[in-house]
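Quick note, the sequences are listed as chains A and B, same order.
Under our numbering, think of the first position of the first sequence as -17, with each following residue one higher.
Under our numbering, think of the first position of the second sequence as 36, with each following residue one higher.
C-beta atoms are modelled at their ideal positions from N, C-alpha and C, and glycine is treated no differently.
Source: prediction; values computed, not measured.
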Amino acid sequence: MRKAVAVLLGASVVTTLALVSRAPQSDGQPRQEPASGEQGSGEVVRGTLRYETESGEDAFAEGVEITVETAEGEEVETATSDEDGQWEVALPGPGRYTVSIDPDTLPDGVSLQDEDRATLTFEMSPGRSRAVLFALTAGFGGREVASGFERFVRLSVQGIRFGLVLGMAAIGLSLIFGTTGLVNFAHGELVTYGAILAFIFNVTIGWSILVAAPLAIAIAALTGSLVDRGFWRPLRNRGTGLIAMMVISIGVGLLVRYIFLFQFTGFPRGYREFTEQTSWELGPLRIVPRDVWTILISLIVLLGVALFIQRSRMGKAMRAVSDNRDLAESSGIDVDRVINFVWAAGAGLAAFGGILHGLSQEVTWQMGFQLLLLMFAGVVLGGLGSAYGALVGSLVVGIAVEVSTLWIPSEFKTVVALSILVLILLVRPQGILGQAERVG
Amino acid sequence: MDWGSIVDNSISQMFRPLTAVFALAAIGLNVHFGYTGLLNFGQVGFMAVGAYGVAISVLEWSVPLWVGVLIGIGAAVALAALLGIPTLRLRADYLAIVTIATGEILRLTIMAPSFRDFTGGSDGLSGYNDDFTDLNPFSSGNYGIGFLKFNAGATWNILVGWSLVLLAVLLVWLLMRSPWGRVVKAIREDEDAVRALGKNVFAYKMQSLIVGGVIGAFAGMYLVIQQGSTIPGNFTPAQTFYAYVALILGGAARIWGPVVGSMILWGLIVFTEEVLTGLVENDYISSDLISTNQVAQVRLMLVGLGLVLLMIFRPQGIFGDRRELMLGEQ
C-alpha cells in the first residue's frame, strides 16, 4: 500500500516538475497574462476590440474610447484603442472598477452585441493584470443575419464535432467502469492533462501541434497505465470497496485539478497554431477548417477503436471482462492486463479529446472537470460500461447541447445535459445500449 | 515568524462561523454517507439552494428572514426529491453522478447573466440579513476568554452557529437511536436484506436524503446570513469535499465525528496557510515558487490529498469504527 501512495506522490511530483516550465509569458494573447513578478503593484486592465467582418475575417476597432472609473465613480483614465484594437489602463491599486466603452466612437457599422453591456464591473486582485472584453459585432446583429435553418445546420455540425470529442474522451470512462466497476471521478483530469501536456510542447517549447499532440497522447497513455498499475491495482487487490474507491478518485481529481491551477494558472490559453482561421462556406454551412479536421480525425479514431474492440483479441477480452469478470478470468483471460490496457487506452483517448477540445475552445485548468459532467450525461445515456454506448450517448448530448442554443441562452447548455441525464435515469436507467439488469 | 499568533489564529479558527458551517454540512453528509451509505457528491447544491432560497425570498418578496429560512428548507426538500427520485432505485454511483453534476450546474445557473436581476450573477446578493443582526443581544465590546476574543457581531454569529450544530447533532442522535435509524443503518449494510424484511428501501433512502439535505441547506443559510452576502464563489464543487474530509477525518457514522473533524480540519487549514504565508513573506520560500495568492490553491491540493490518504489508510477517521463503514466488498 505504501507503494501506491509513493506512486501517487511521485506522479504528482512529476506532473508538477513537468509543468514547472510554466506558461510562456507572451503567446500573443496579452489579455490573458498574469503580470508575474509584479506583486502588489502594477495592476493593469487591458483588452482587445475585435470583431468579425461579413466575410468572417477578424478586424480590430481603432480609436474607440474606453473609460475606467473606480467604484466611487472617479475617473482613472480614458484610453483609446490602437490599430490592433488594443487598449490598456494602469490602475492605482486593487479594488473594484467599472469600464465603459463609448459606442459612438466605434467604427461605422460596428456595434455592441449587447447594448446593456457597454459598462462592465470587475474586481482587481493585487499585482494582476486582467482583460475586459466587449463583444462587438459588424452589421446589424452580425451572426443573427443567418436564417433559422442556417443556424440549425451550423449548430448541428458544431454539435457533431463536440459530441465526437466528448465521446472520444468518454470511452475510457465507460470502459474503466465496465471492467472494474469504478466510476472514475478523476477522468476529467486526464483530459486536462493531455491538453496541458500538448500546450507545453506546442507553446512553451514551440514544437508543431502535429508533433506535440501525438507525444502528449503517448505520455498520457503511459501515465494512465502507470496510475493503474501503481495505484488502483494495489487498491483493488487489498479489497477496497467501490464506494471507497469513488471517494478516492474524487480526492485524486481534486488534488490534480488544483496542481493544474497552481502551475497553469487560471487563465485560459490557446495553442499556437490553427487558432485564427477563415471559415469555409459550404451552402448553408459555415465552418472553420480546424473543425472539419477535428470531425474527420475523430471519426477515423473512433472507427479504429470500434474495429479494435470488435475484432482484436484484446478487444474481445475487454468485452468479456466487462460482461463477467469471473467468467473471463476462469477462461484464461489475464484480467489485470486487460484492465491495464483499458486504462492506457482510455487515458490516451481522453488526452486526444482534450487536445481537440483545446484547439476549438481554449485550454483551461478545469476544462476536463467541466467536460466530465457532460461525459457522465453521455455515458449514462448510452449505457454505463459500453464503449459504443459512450459514443452514441455523447453524440446525442453534444448535438442536443449545441442545438439547444437556438432556443435558450448558451449559458444553460449544461442544464440541457443534466435534464437528459435525469430523464434517461427515470425512463431507461440502463441507457440506450445497456442491458437491463435488476439494480434495486 | 510569529508562531504564537499562528497557533492562536489556528485555535480560534476552530470556533469561527466557517467551521460551524462545515460541521453542519458534514453532519448532513454523515446522515447520507455515514449512516445510509448514500454517495452524495453535491452537498454544496443543498447549501446553495438554502442560501439563495433565503437571500432571494427576502430581497425579492420582502418576507421576514424566518419565512426565508422556511423557503430555503423547502428548496432543499425539492432538490432532494429531484435528485433522489431518478437515482435512489439504482446503484450508488448514479446518485453520485447526478449530485456532482447538479451541484456544479446550480452554481453555473446562479452565475448566468440571464438571472442577474434575480441572483446577482457573479457579484452575488447582500442586504437581506437585517433581521438577524437586529437580534444580536450583545452590546459592542469583545467577548471570550484569553486570546479567544471575538467582537459583538462575531460572538453572536458563533453562538448561533454552534447552537445550530448542537441541534443538528441532537437531531441525528435521536434519529439514529430510533427504529428509523436502525432501518437506515441496515440499508447501508445490506439493502436486499432490508427489502426482504418488507421495508420500503426507496422511501427510507429518500427520507435520509431529505434530512441530510436540509441540514446541508442550514449550513448554506447560516453561512450567508452571518456573512451578509451570498456569492457563487462560496458554492464551488470543492466545498463538498471539505465536508467529506471533515466527516472522514472525525469518523463517519459517529455522532460527533463531523463536528470534531470540521474543527480539526479548519484548525489545520489555517495553521498550514499561515505557516506557508509566513514562509513566503519571510523569503524562506521564494515568491517565484509560490505567491501568496496561490496559498489557497495549495489548501485545496491538501484537501484532495487528505481525502485520498484518509480513505486508504484510515477510512474510519479518528473516532470511527471500521466495521461500521460500508468499505468492504460491495
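Looking only at its chain, what residues have a beta carbon closer than 6 Å to the beta carbon of A168(A), apart from the 5 residues adjacent to it on each side? Here the set comprises S231, V234, G235.
Just to confirm, are M211(B) and T54(B) a CB contact at a threshold of 8 Å? no
Decide if L405(A) is buried, meaning its Cβ has at least 16 other Cβ atoms within 10 Å, or exposed. exposed
Ordered along the chain, which non-local residues of its own chain (more than five positions away) have a Cβ less than 7 Å from that of V398(A)? A382, V383, S386
Threshold first: 3 residues or longer. Then list the beta strand (DSSP E) segments lying entirely within the stretch 23 to 91 of chain A, N to C. Complete beta strand (DSSP E) runs here, min 3: 26 to 30, 32 to 34, 40 to 42, 47 to 52, 57 to 62, 68 to 72, 77 to 83.
Any beta-carbon of chain A closer than 8 Å to the one on A60(B)? Chain A places no beta carbon closer than 8 Å to that of A60(B), leaving this residue out of the contacts.
Inspect the CB distances between the stretch 50 to 59 of chain A and the stretch 70 to 84 of chain A and report whether three or more fall short of 8 Å. yes
Can you list the residues of chain B that L102(A) reaches, using a CB-CB cut of under 8 Å? Residues of chain B whose Cβ lies closer than 8 Å to the Cβ of L102(A) do not exist, since the nearest Cβ in that chain is about 11 Å away.
To the nearest angstrom, how far is the alpha carbon of F354(B) from that of W69(A)? 59 Å
Keeping to the same chain, check which residues put their C-beta closer than 8 Å to that of W38(B); ignore five residues upstream and five downstream. none
E344(A) - DSSP class collapsed to helix/strand/coil: coil
Can you tell me whether L118(A) is helix, strand or coil according to DSSP? Assigned with DSSP and collapsed to three states, L118(A) falls in strand.
When the cut-off is 8 Å and only beta carbons count, does I230(A) lie next to chain B? yes
In whole angstroms, give me the CA-to-CA distance for I414(A) and I390(A). 26 Å
Quick check on DSSP: helix, strand or coil for S392(A)? helix
Determine whether the beta carbon atoms of A203(B) and I250(B) lie at a separation below 8 Å. yes
Give me the chain B residues within the contact set of I153(A), using Cβ-Cβ distance strictly less than 9 Å, ordered along the chain. Near I153(A) there are no residues of chain B at all, since even the closest Cβ is about 17 Å away, more than 9 Å.
C-alpha gap between E263(A) and L278(A), whole angstroms: 17 Å
For chain A, check one thing: does any of its Cβ atoms lie closer than 8 Å to the Cβ of V56(B)? no
Return the residue from the list M256(B), P121(B), W191(B) that minimises the CA-CA distance to R410(A). P121(B)
Would you please state the rounded distance, in angstroms, between the beta carbons of L342(B) and N65(B)? I believe it to be under 8 Å. About 15 Å separates the two Cβ atoms, so there is no contact after all.
Cβ neighbour criterion (16 or more within 10 Å) applied to F348(B): exposed
For F276(B), go through chain A and note every residue whose CB falls closer than 8 Å to its CB, in chain order. I232, G233, L236
Closest Cβ-Cβ distance between Q365(B) and chain A: below 8 Å? Confidence is the limiting factor: at Q365(B) the pLDDT is only 38, short of 50, which leaves the residue's position unreliable, though a coordinate-based value still follows. Put simply, the CB of Q365(B) is near chain A, with a gap under 8 Å to one of its CB atoms.
Tell me which residues of the stretch 225 to 240 of chain B have at least one Cβ-Cβ distance to chain A shorter than 8 Å, keeping chain order. Along the stretch 225 to 240 of chain B, going in chain order, the ones with a CB nearer than 8 Å to a CB of chain A are E226, V236, F237.
Given a limit of 9 Å on CB to CB distance, which residues of the stretch 60 to 81 of chain B reach chain A? F68, G72, L74, F76
So, at 8 Å on beta carbons, what are the nonlocal neighbours of T327(B) in its own chain, with the 5 sequence-adjacent residues on each side left out? The residues are T312, V315, E316.
Does DSSP classify Y178(B) as helix, strand or coil? strand
Within the 8 Å Cβ cut-off, does D128(B) reach chain A? yes
Using only the alpha-carbon positions, how far apart do E389(B) and Y87(B) sit? No statement about residue 389(B) is possible, as the shown extent of chain B runs from 36 to 365 and does not include it.
Count Cβ pairs between the stretch 289 to 309 of chain B and the stretch 138 to 153 of chain B that sit closer than 8 Å; are there 3 or more? no
Where T396(A) meets chain B, residues with beta-carbon distance less than 7 Å: I140, L143
Just the Cα atoms here: how many angstroms apart are A111(B) and G138(B)? 12 Å
When the Cα of M228(A) is compared with those of A127(B), G181(B), I41(B), which residue comes out closest? A127(B)
Short CB-CB distance (under 8 Å) between L137(A) and chain B: no
Is there a Cβ of chain B sitting closer than 8 Å to that of E384(A), yes or no? E384(A) is outside the set of residues whose beta carbon lies under 8 Å from a beta carbon in chain B.
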